[in-house]
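Numbering (this note's numbering), first residue to last: 59 to 343.
Here a beta-carbon is modelled for each residue, glycine too, at the ideal position from N, C-alpha and C.
Some notes on the structure that comes next.
Written out as structure tokens, the structure is:
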């Protein structure tokens, strides 16, 4: 029998169809097969599907609300914690040799450091919501003013994405494959090996693994460069440029991939085990 439209659109085993078929058989035995009775049954099935859709939307909205509340609580704790520490931002600015007096006055006025505490709190939340993350007391722009944090992040965001995105995508794909194999072979040697590998990759500190790989592949074998990547020092031809970039990225890619596969494998294994224990999966078996 073909899957119902609701389950086919979601690419999932048709537990909804099996439930409808079971209810239809019970209904026919109890109320007969006249058109009115079947119409009532189909209406009930449609209402069941609609309530399930509303449940999914409600869960999604609940998760978003929880995330917003969590961010708000974290920001509030951050604000209170730093104001409980000894000293104050104004004193810190006055003792910082990298920040001149004119820059100090500008920072104090911009972030309301001379205002009451509750005013500073609302300014703090407003600056976060508008993307104003503060300024750096170490880096300065051409005018001598402390450089905004968002400018520092933006200048380094491209290289970060080049490093993080491919490594994360490959880690997710590898972790899903390992977790799927472990769930289907639950309690067997494959499951044990997958769990052991996941725990090892999750537990090894990434900084230690980075130094270990540098010692082996860069210092001893000389396969990868030790210096950071500098576009100005790369070959001018496209192939040489990409080869130099690839050589600098291989070790960071390897460390990130190794550190993340265990997390995604465990998540996939546990999620798949929950699905395999659902009623519609047990019925399909």
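For the pair residue 221 and residue 310, the CB atoms are nearer than the 9 Å cut-off. From the listed residues 226, 190, 224, 233, the smallest Cα separation to residue 212 is found for 190.
Beta-bridge analysis with DSSP links residue 193 to 206.
Classified as buried, residue 256 has 16 or more neighbouring CB atoms from the shown chains inside 10 Å of its CB. DSSP places residue 185 inside the alpha helix (DSSP H), whose first and last residues are 175-187.
Under a 10 Å Cβ-count criterion, residue 327 is classified as buried, with 16 or more other Cβ atoms of the shown protein chains found around its own Cβ. Taking C-beta atoms under 8 Å as the contact rule, residue 225 and residue 287 fail to qualify, at a distance of about 15 Å. Contact annotation, residue 210 with residue 194: C-beta distance approximately 6 Å; criterion of less than 8 Å satisfied. Contact between the region 262-270 and the region 238-251 is absent: fewer than 3 CB-CB pairs across the two stretches fall below 8 Å. For residue 247, the enclosing alpha helix (DSSP H) covers residues 247-261. Bounds of the alpha helix (DSSP H) holding residue 268 are 264-271. In the three-state DSSP reduction, residue 235 falls in the helix class (H, G or I). Straight across, the Cα-Cα distance linking residue 278 with residue 285 is about 15 Å. Taken atom to atom, the span from the alpha-carbon of residue 306 to that of residue 272 is near 11 Å.
The beta carbon of residue 186 lies closer than 8 Å to those of 133 in the same chain, with the five residues before and after it left out.
Judged by beta-carbon spacing, residue 233 lies within the 9 Å limit of residue 318, meaning their Cβ atoms are closer than that value. Measuring C-alpha to C-alpha distances from residue 168 to each of 227, 197, 181, 137 identifies 181 as the nearest.
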